[in-house]
Structure formats: structure tokens, C-alpha cells
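Structure, as C-alpha cells:
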Amino acid sequence: MKEMKGIIKGSYVLGQTIIDGLHLQLLFLYYTLRGGIILGLFPALASVFQVIYLFVIRGRDSVKVNESFQAFYKQYFKMSNYLGFTLTGVGLFLAFDLRVSKVFIQSAIVHYVLIFLLVLFLGACLFVYPVLCRYELTYSQYIRQSIGLFFTSIIESIAMLFGSFVVLSIYVAFPILLPFAGVPLFVFPSIWFGLQAMKKMEEKASGE
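Numbering of the sequence shown is given in our numbering, commencing with residue -8 and proceeding in unit increments.
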């Protein structure tokens, strides 16, 4: 009897998780289009992060998904676009510079400097939205905090990278998941491990 109850409960949780993933994916697509794609992409992504963050810290039943998503979309519209376009621009710039360095400059020092900057960029990309979910900071503070967490939370950073790799592998194996739950599935490991890193940082700061 207990095994049956466990199976039923597990099936319910799995079903609810699938529904939530589909729901968030649809909201992400809708609000991305609502913002004209270019201006809607990053606020919609930030809203997915924030809703999943609330799922983790408060529990699914305490979150009104539609109302919360809409509120976060408006709240993060400017900041998420500032951060998103900055990181996109920096990423494209570094990719171009690495190509130029490899083909034309061919200087080991320049190449290593660019690789170091690429590592900083990766750190900012991994943590910027989890940090946005938890703290109210300025634009530059979000960037600095994200990079700082990347270097001070090595285990969590590796876990985030590994989680992202696993999710990408799942996408390759089951591409049908992409239109139905692609974004929430990718966001979850990032927000989960990012939260652990931020909690450790807060505990360390409070103990000093």
C-alpha cells in the first residue's frame, strides 16, 4: 500500500513538474514575442528564473505563476535587458577577438588575456540571473557579484556547467523537448546551484 502511495505521489509530482515546465515555456514564448523578441527575450528569461527561484525557496503551491511572471517581466524589463545585451555584446566581441588573435595576431600573451576575459564572461553568464533573482543591486554590482561568485564557488560553478551540459545532451537526444520545456529545463540547474553558492556566501559573510 505504501509503495502504491509512493508511486502515485511520484507520478503526481512528475506530472505537475511537466505541466509547470510547459506552462513556463509558453509564458516565456508569449512574453518574448510581446516584447518584440529583441526587447522581450531577456525579461522573459529573467522571469522564468525568478518563478523557478520561488518554486525552490517557497514551494510550488505558494506561487501564482501567471501573476508572478507578469510582475517580474515588468520589474526586470530594463535591468535584464541592460545585463543581457551587455553580456551578448561582450561575448560576440570576445569571440571575434579570439578569432582575430588566432588568425592574424598570433600572440600567446594576447590569446591568454582573451581566454582569461572569456572565463570572466562565462562566470558572469552563469550567475547573473540567479543573482538578479536574489538581490537588489546596481547594474555594475550584478556583474561584479556574478564574477565573484564564479571564482569563490568553484564546486557550484562546475555543477552549473555540468548541469548545463547534461541538459544540452538531453536536448540532443530528445529535441522534441525544446519547444515544450527547453528554457525551464535549462534554467533549473543554474538557479539551484546558484542558490547554493549564494547561501554559502551569505553564511560566510554573516560569520565574519
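Think of the CB as a built atom: it goes at the ideal place given N, C-alpha and C, for glycine as much as any other residue.
Query - Span of the alpha helix (DSSP H), counted from its first residue to its last, around V91 - result: F68 to V91
Query raised in the report: Which residue's Cα is closest to the Cα of V91: G80, I48 and L105?
Result: L105
**Report entry** DSSP three-state assignment for K55, whether helix, strand or coil
**Finding:** coil
Requested in this report: May I ask which residues mark the beginning and end of the alpha helix (DSSP H) holding T143?
Outcome: Y130 to T143
Query - Assigned exposure category for V157 - 16 Cβ within 10 Å defines buried - result: exposed
Report task. Grab me the residues of L152's own chain with a C-beta within less than 8 angstroms of its C-beta, minus the 5 sequence neighbours each way, in chain order. Result -> L117
Query raised in the report: Could you give the distance in angstroms between the alpha-carbon of A62 and the alpha-carbon of Y44?
Result: 14 angstroms
Requested in this report: In the DSSP assignment, find the alpha helix (DSSP H) that holds F179 and state where it starts and stops.
Outcome: L168 to G198
Report task. If I'm right that G154 touches P170 with Cβ under 8 angstroms, what's the distance once you round it to whole angstroms? Result -> At roughly 21 angstroms, the Cβ-Cβ gap does not stay under 8 angstroms, so G154 and P170 are not in contact.
Query raised in the report: Can you tell which of L113, F87 and A115 has its C-alpha closest to the C-alpha of H102?
Result: F87
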